[in-house]
Amino acid sequence: MWFEYGRKETDFLARRDPALGELVALRGPIYRPRIGDPFACLLHSIVGQQISGRAHQTVWARLSERNLISPEAILACPEEALSGLGLGPKKARWARACAERARELDELASLSDAECVRRLTDFPGVGRWTAEMFLLFCLNRMDVLSKGDFGIRKGLALLHGKIAPDQFDFWRELYSPYGSVASLYLWELAAGTVPGGKHAQF
1 MWFEYGRKET DFLARRDPAL GELVALRGPI YRPRIGDPFA CLLHSIVGQQ ISGRAHQTVW
61 ARLSERNLIS PEAILACPEE ALSGLGLGPK KARWARACAE RARELDELAS LSDAECVRRL
121 TDFPGVGRWT AEMFLLFCLN RMDVLSKGDF GIRKGLALLH GKIAPDQFDF WRELYSPYGS
181 VASLYLWELA AGTVPGGKHA QF
């Protein structure tokens, strides 16, 4: 399962931001995996909070190998055991608390982005960034450009120069309603997997 987008979205972004359009043309299509199961996707985002991509992959692999990605499995596993797999005490506690409310996640697909974020940030350990990643990688919502994401800010800086916090809304509005697609390419630029950008430093 991949994040779904096409030429309509990339052509729109290229018209709004020619520099981003050049990046899209250079990189080509991006096949970014999605997690269709709401609880697994939320858990995946919680695991990834404040750690590197490599560490995120390692911890998620440990949970997956032990089939600890369902609410039932998380609730059956002691916090100490979850923490020992690399989650740490806080994330282990949050994972179990979210598992207890997993049924609420099934309601989110029918709600607006703003209401989804409001509902999700009521869950323990879930802030705006985690909620926005859920919108993008579970619900395939098209207009997520997260101000709280370091990679997106780095990608914008590489493409256009350092972005002041009060300027971020300009880019969000410029890329709307396809901010999620812009995010995919900005992440690639930030990760160094595709050359480009006027500015070598961040």
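Heads up, the sequence shown is in UniProt numbering, so the first residue is 1 and it goes up one at a time. Each residue gets a CB set at the ideal place from its N, CA and C atoms; glycine is no exception.
In terms of residue numbering, what span does the alpha helix (DSSP H) encompassing Y185 cover? G179 to A191
Where P89 sits in the DSSP three-state scheme: Of the three classes helix, strand and coil, the one that applies to P89 here is helix, per DSSP.
- Query: Just to confirm, are V194 and L26 a CB contact at a threshold of 7 Å?
  - Reply: yes
Spatial neighbours of V24 in its chain, beta-carbon cut-off 7 Å, leaving aside the 5 residues before and after
The answer, listed in chain order, is T10, L13, A14 and Y185.
| said: Tell me the DSSP secondary structure of P33 in three-state form. | reply: Three-state result, P33: strand.
* Asked: Of all the options E4, F39 and P33, which has the alpha carbon lying nearest to the alpha carbon of R101?
  -> F39
Could you tell me if R7 is buried or exposed, where buried requires 16 or more neighbouring beta carbons within 10 angstroms of its beta carbon? So R7 counts as exposed.
Report task. Pull up the distance between the alpha-carbon of A190 and that of H160, whole angstroms please. Result -> 12 Å
#### Entry: Residues near I152 by beta carbon distance below 8 Å, same chain, minus five either side
L145, S146, S183, L186, W187 and A190
Fill in: Check whether A97 and P71 have beta carbons under 7 Å apart
no
**Request:** Measure the alpha-carbon distance for A131 versus L120 and round it to whole angstroms.
**Result:** 6 Å
Q. Roughly how many whole angstroms lie between the Cα atoms of G155 and E107?
A. Pairing G155 with E107, the inter-Cα distance amounts to about 33 Å.
Let me check understanding here. Comparing Cα to Cα, which of G84, E80 and P89 lies closest to T58?
Measuring from the Cα of T58, the nearest candidate turns out to be G84.
Whose C-beta lies closer than 7 Å to the C-beta of residue 267 among residues of the same chain, with five residues either side of it excluded? Past the boundaries of the shown model lies residue 267; the chain is included only from 1 to 202, so the question cannot be answered.
Which stretch, first to last residue, makes up the alpha helix (DSSP H) that contains T121? That residue, T121, is in no alpha helix (DSSP H); it is neither H nor E in DSSP.
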